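Protein chains in written order, with full-length UniProt numbering: chain E, 1 to 226; chain B, 1 to 226. All residues carry an ideal CB built from backbone N, CA and C; glycine is no exception. Everything numeric in this text was worked out from a predicted model, so none of it was measured. Each remark here refers to the structure printed beneath this line.
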DNA sequence: CAGTACATCACCCATGCGGGCCATCGTAGG
DNA sequence: CCTACGATGGCCCGCATGGGTGATGTACTG
């Protein structure tokens with residue numbers, strides 16, 4: 001089963017180079033080419049390729065919009081190719097847009113030919129592949145932004161809390177009053193107050209509002225997990 | 001300038017194989033080996049390698065904890081190697097922990113030898129590299145997770161607030177007291193109370209703690225934007 | 001067995017906070 | 001011109017909240 005590929009790029013030389021490179025592979029067929037996004041979408045719909053090599057910067061319609069249209073087809077169109085984005089420049093901001101659109105990869109045009117070929121095979125197989133510099137940024141963003149389970153500052157202090165105190169803190173962070181917490185945990189309200197007092201003291205917080213802030217910032221609770 | 005590498009894996013054959021493979025490269029030196037996380041951290045601190053090849057599953061201390069310790073060194077230790085995680089099994093849940101810990105890459109042990117070698121060079125250069133299946137998952141998570149900055153329910157109600165009220169709500173969500181808010185906005189504390197009263201009423205909230213919850217849940221404030 | 005950590009509850013006290021009610025002032029809109 | 005609305009501010013009141021202190025029982029650990 002050969003991999004059907006189309007190449008969408010406004011530069012004739014780039015198209016020719018990639019086409020020659022890929023066509024030389026026994027398992028890859030170049031079944032179409034296009035010079036801009038509009039044409040790329042049209043060719044994609046008509047030739048239903050497995051993989052679309054898509055340049056980011058193009059006249060008429062850029063690669064991002066074209067990728068979006070190919071990856072979110074209108075009702076009636078069932079074919080969804082894999083999209084491998086290409087760019088001449090290093091990591092511009094389009095990367096994230098492309099990934100959100102559903103692109104399977106992002107390569108720089110100066111990558112070794114062998115990388116391009118293997119990238120086509122990888123995305124055709126349903127996996128994904130990014131240029132190393134892109135991967136690095138993605139991981140960095142992921143690590144900083146994904147602050148849910150583990151975080152440096154607050155979660156360390158969280159370890160100073162007893163299980164019961166942590167439990168109470170979580171209920172505070174849900175917006176419950178002392179009475180409601182007492183009811184929920186089957187406790188006297190005074191006991192709840194004692195626990196809260198300890199929590200505030202241990203975490204150096206002034207009031208329950210700050211406790212809520214801390215709970216969110218530390219990842220004890222997360223927006224949406226209500 | 002050669003790349004200094006240490007290999008941390010509990011299986012002797014794996015260590016031997018990788019060591020032979022890497023040592024054959026002119027630009028790579030294998031300067032140490034370790035059989036578990038504890039030893040890995042120790043060897044890492046002593047030999048200050050550029051790259052640490054770290055197995056995920058190991059006795060004593062697993063690769064994740066070891067990676068965390070190497071990547072978040074205690075005060076006084078300035079050396080921070082790049083960590084390239086290795087696993088035999090396909091994408092387990094440890095991937096995300098490893099990335100959060102700051103790992104520069106994640107490869108499967110059945111990857112082609114050429115990939116391993118190039119991966120070492122990539123991470124040594126400061127870039128990152130993931131196994132295609134890992135990349136795929138990361139992109140998928142990134143795409144789905146990225147589109148929730150603002151959510152339906154709460155943010156709609158937010159429109160009912162006046163600019164001033166919204167401003168006050170945000171300060172509540174930072175943990176400020178009425179007095180502090182008054183000072184920050186150059187207002188009488190009583191005015192702050194009036195604004196807060198309206199906010200609570202409009203949003204059907206009981207107290208400022210619930211207001212903080214609402215601010216986070218609606219996306220008005222976000223964990224980490226301090 | 002002694003010591004420690006945790007959970008539980010009580011009493012007292014000061015006050016920050018939220019509710020109710022109302023007044024003034026500016027500006028935008030009919 | 002006059003109305004509506006937002007922003008600003010004041011007063012009073014009641015209560016939930018937070019601080020301080022102490023006591024009891026249990027469970028684990030040295």
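Residue closest to residue 52/E, alpha-carbon to alpha-carbon, out of 58/E, 44/E, 59/E:
What you label residue 52/E is simply residue 52 of the first chain in a count that begins at 1. Comparing Cα-Cα distances from residue 52/E to each of 58/E, 44/E, 59/E, the minimum goes to 44/E.
Do you know offhand how far residue 228/B's Cα is from residue 216/B's?
Any property of residue 228/B remains undetermined from this structure, which presents chain B solely from 1 to 226.
In this structure, what does DSSP give as the bridge partners for residue 106/B?
Counted from its first residue, the second chain places residue 106/B at position 106. Bridge partners of residue 106/B: 85/B, 130/B.
Using the three-state DSSP reduction, which class does residue 20/B fall into: helix, strand or coil?
For the purposes of this step, residue 20/B is taken as residue 20 along the second chain, with counting starting at 1. Three-state result, residue 20/B: helix.
In whole angstroms, what is the alpha-carbon distance linking residue 2/E and residue 129/E?
To locate residue 2/E, count along the first chain from 1; it is residue 2. To locate residue 129/E, count along the first chain from 1; it is residue 129. Cα to Cα, residue 2/E sits roughly 20 Å from residue 129/E.
Taking Cβ-Cβ distances shorter than 7 Å, what residues in chain E pair up with residue 132/B?
For the purposes of this step, residue 132/B is taken as residue 132 along the second chain, with counting starting at 1. Under the 7 Å cutoff, chain E gives 122, 127, 128, 129.
For residue 32/E, does the three-state DSSP call read helix, strand or coil?
Residue numbering aside, residue 32/E sits at position 32 when the first chain is read from its first letter. Looking at residue 32/E - three-state DSSP - the assignment turns out to be strand.
Hey, is residue 49/E's beta-carbon within less than 8 Å of any beta-carbon in chain B?
The residue you call residue 49/E lines up with position 49 of the first chain. So, not an interface residue.
Reference residue 86/E; option with closest CA among 104/E, 163/E, 100/E
By 1-based counting over the first chain, the position of residue 86/E is 86. Of the candidates 104/E, 163/E, 100/E, the one whose C-alpha sits nearest the C-alpha of residue 86/E is 104/E.
Helix, strand or coil for residue 56/E per DSSP?
Numbered from 1 along the first chain, position 56 holds the residue referred to as residue 56/E. The answer is coil: DSSP assigns residue 56/E none of H, G, I, E or B.
Rounded to a whole number of angstroms, what is the C-alpha to C-alpha distance between residue 37/E and residue 112/E?
By one-based count along the first chain, residue 37/E stands at place 37. By one-based count along the first chain, residue 112/E stands at place 112. Straight-line Cα distance between these residues: approximately 25 Å.
Within 8 Å (strictly less), CB to CB, does residue 111/B reach chain E?
Here residue 111/B is taken as the residue at index 111 of the second chain, counted from 1. No, no contact with chain E.
If you follow the alpha helix (DSSP H) that residue 4/B is in, where does it begin and where does it stop?
The sequence position of residue 4/B within the second chain is 4, counting from 1. Residue 4/B -> not in any alpha helix (DSSP H); beta strand (DSSP E) instead, spanning 3-8.
Name the DSSP beta bridge partners of residue 51/B, please?
Within the second chain, numbered from 1, the residue matching residue 51/B stands at position 51. Beta-bridge pairing links residue 51/B to 5/B, 82/B.
Is the number of C-beta pairs between the segment 23-30 of chain B and the segment 117-129 of chain B that are closer than 8 Å three or more?
yes
Can you pull the chain E residues whose beta carbon is under 9 Å from the beta carbon of residue 117/B, in chain order?
Taking the first residue of the second chain as position 1, residue 117/B is located at position 117. Chain E residues near residue 117/B: none, gap ~13 Å exceeds 9 Å.
Tell me the rounded alpha-carbon separation between residue 70/B and residue 84/B.
Against the second chain, residue 70/B aligns to sequence position 70. Against the second chain, residue 84/B aligns to sequence position 84. Straight-line Cα distance between these residues: approximately 12 Å.
Counting only the same chain and skipping the five closest in sequence on each side, list residues whose C-beta sits under 8 Å from that of residue 56/E.
Within the first chain, residue 56/E is the residue found at index 56, counting from 1. Excluding positions up to five away in sequence, the list reads 62, 63, 64, 85, 86, 87, 92, 94, 98.
Quick one, which residues of the segment 155-186 of chain B are near chain E if we go by CB-CB under 8 Å, in chain order?
172, 173, 174, 175, 177
Using the rule of at least 16 other Cβ atoms within 10 Å of the residue's Cβ for burial, across every protein chain shown, is residue 208/B buried or exposed?
For the purposes of this step, residue 208/B is identified with residue 208 of the second chain, where counting begins at 1. Label assigned to residue 208/B: buried.
Alpha carbon to alpha carbon, how far is residue 42/E from residue 49/E?
As a working note, residue 42/E is residue 42 in the first chain. As a working note, residue 49/E is residue 49 in the first chain. Those two C-alpha atoms are separated by around 12 Å.
Alpha helix (DSSP H) containing residue 98/B: first to last residue?
As a first step, residue 98/B is located in the second chain; it is residue number 98 there, counting from the start. That run of the alpha helix (DSSP H) goes 94-101.
Here's the rule: buried if 16 or more other CB atoms are within 10 angstroms of the residue's CB, otherwise exposed. What is residue 34/E?
Stepping through the first chain from its first residue, residue 34/E is reached at position 34. With 16 or more other Cβ atoms within 10 Å, it is buried.
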